[in-house]
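Trainee: The structure is given below, and queries will be raised subsequently.
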Amino acid sequence: MTGGMDTKIYTPKTFNLSGLTGISDKTLEMHFKLYEGYVTNTNTLTERISAILSDGKVDQEEMPAYSELTRRLGFEYNGMVLHEYYFGNMKRQGGDEAPRGSDFRSAVESSFPSYEIWKTDFVGVGKMRGVGWAICYLDPTNGHVSNHWITLHETGNVSGFVPLLVMDVWEHAFLLDYKPSERPKYIEAFLANVDWSVVEKRMQSVQVTAAAR
Ligand SMILES: [Fe+2]
1 MTGGMDTKIY
11 TPKTFNLSGL
21 TGISDKTLEM
31 HFKLYEGYVT
41 NTNTLTERIS
51 AILSDGKVDQ
61 EEMPAYSELT
71 RRLGFEYNGM
81 VLHEYYFGNM
91 KRQGGDEAPR
101 GSDFRSAVES
111 SFPSYEIWKT
121 DFVGVGKMRG
131 VGWAICYLDP
141 TNGHVSNHWI
151 TLHETGNVSG
161 FVPLLVMDVW
171 EHAFLLDYKP
181 SERPKYIEAF
191 LANVDWSVVE
201 KRMQSVQVTA
211 AAR
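If you count by my numbering, then the sequence shown holds residues 1 to 213, one letter each, in order.
Next comes the structure, spelled out in structure tokens:
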């Protein structure tokens, strides 16, 4: 019905993650399943939009469904991608501080008065009330890093910026291990599991253009 086009374009990734500090394997297993749900929903939306497009047009009566499906893409796509960044920037026996002299740390130190103040800001963003994410982004046009709050999965992401450090602060990320009011403890646990080598790779994968905007 979609002209034979394979619209299942995303396959869930697997993450070799267990034995973290302060984040139980039970939480991780539940969280991987949730992530797989985002992958499935992303594929389903794409499939349904593709079915509407299969006759080459969007009829007037198809417009409401087409619009709603399209509006949901931001939620499902970002739900999928942000979880991949999140699981990808943790490891067993990760460190709680970015190594001195790393490109990431240098960028932090030139963007904030100090590494400690950057960390205070990142943790502060994570503690904000609401459902979402704390993300430290790199602006590829000037090498500046900044911390952002993302509501749900899709509101607040900055186009073209590169996520360097991604922390899920939805309650499902910690509710099996902590009380809802104990988000700060979870944030501390997250930071104790960060794989700074991955953050550094993300940093180094970007060619900072230094072009004036
Ligand atoms: Fe999550």
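By construction, the Cβ of each residue, glycine as well, lies at the ideal position given by its N, Cα and C atoms. Only a predicted model underlies this, so the values are computations on that prediction, with no experimental measurement involved.
Measuring only from the beta carbon, is tryptophan 170 closer than 6 Å to any heavy atom that is part of ligand 1?
Mentor: Walking along the sequence shown from the start, residue 170 turns up at place 170. Answer for tryptophan 170: yes, Cβ within range of ligand 1.
Trainee: Answer yes or no: do leucine 45 and leucine 73 have a C-beta to C-beta separation smaller than 7 Å?
Mentor: Translated into positions along the sequence shown, residue 45 becomes position 45. Translated into positions along the sequence shown, residue 73 becomes position 73. Yes.
Trainee: For glycine 22 versus alanine 189, is the C-beta distance shorter than 7 Å?
Mentor: Position 22 of the sequence shown holds residue 22. Position 189 of the sequence shown holds residue 189. Judged by their CB atoms, glycine 22 and alanine 189 are nearer to each other than the 7 Å cut-off.
Trainee: Is the distance from the Cβ of threonine 27 to the Cβ of leucine 152 below 7 Å?
Mentor: On the sequence shown, position 27 is the one that residue 27 refers to. On the sequence shown, position 152 is the one that residue 152 refers to. Going by C-beta atoms, threonine 27 is not nearer than 7 Å to leucine 152.
Trainee: Could you tell me whether any non-hydrogen atom of ligand 1 is closer than 6 Å to the CB of glutamate 173?
Mentor: In the sequence shown, counting from the first residue as 1, residue 173 sits at position 173. As written in the sequence, residue 173 is alanine, which differs from the glutamate given in the question. Yes, ligand 1 has a heavy atom inside 6 Å of this Cβ.
Trainee: How many Å lie between valine 198 and leucine 165 at the Cα?
Mentor: For the purposes of this step, residue 198 is taken as residue 198 along the sequence shown, with counting starting at 1. For the purposes of this step, residue 165 is taken as residue 165 along the sequence shown, with counting starting at 1. When rounded, the distance between both Cα atoms is 9 Å.
Trainee: Just checking my contact of serine 111 with serine 146 at CB under 8 Å: how many whole Å lie between their CB atoms?
Mentor: Locating residue 111 in the sequence shown gives position 111, where the first residue counts as 1. Locating residue 146 in the sequence shown gives position 146, where the first residue counts as 1. With 8 Å as the limit, serine 111 and serine 146 qualify as a contact, their Cβ atoms being about 7 Å apart.
Trainee: Less than 7 Å between C-beta atoms, sequence neighbours within five positions excluded: which residues of the same chain meet that for aspartate 103?
Mentor: In the sequence shown, residue 103 corresponds to position 103, counting from 1. The answer, listed in chain order, is Glu200, Met203 and Gln204.
Trainee: Take glycine 126 as the anchor and find which of Pro99, Tyr186, Ile52 and Arg48 has the nearest alpha-carbon.
Mentor: By 1-based counting over the sequence shown, the position of residue 126 is 126. Closest by alpha carbon: Tyr186.
Trainee: Taking the continuous alpha helix (DSSP H) assigned at tryptophan 196, which residues delimit it?
Mentor: As a first step, residue 196 is located in the sequence shown; it is residue number 196 there, counting from the start. 196-204 is the span of the alpha helix (DSSP H), which, as asked, contains tryptophan 196.
Trainee: On the DSSP bridge list, what partners appear for aspartate 168?
Mentor: Position 168 of the sequence shown, counting from 1, holds the residue named residue 168. Checking the DSSP bridge columns, you'll see aspartate 168 partnered with Trp133.
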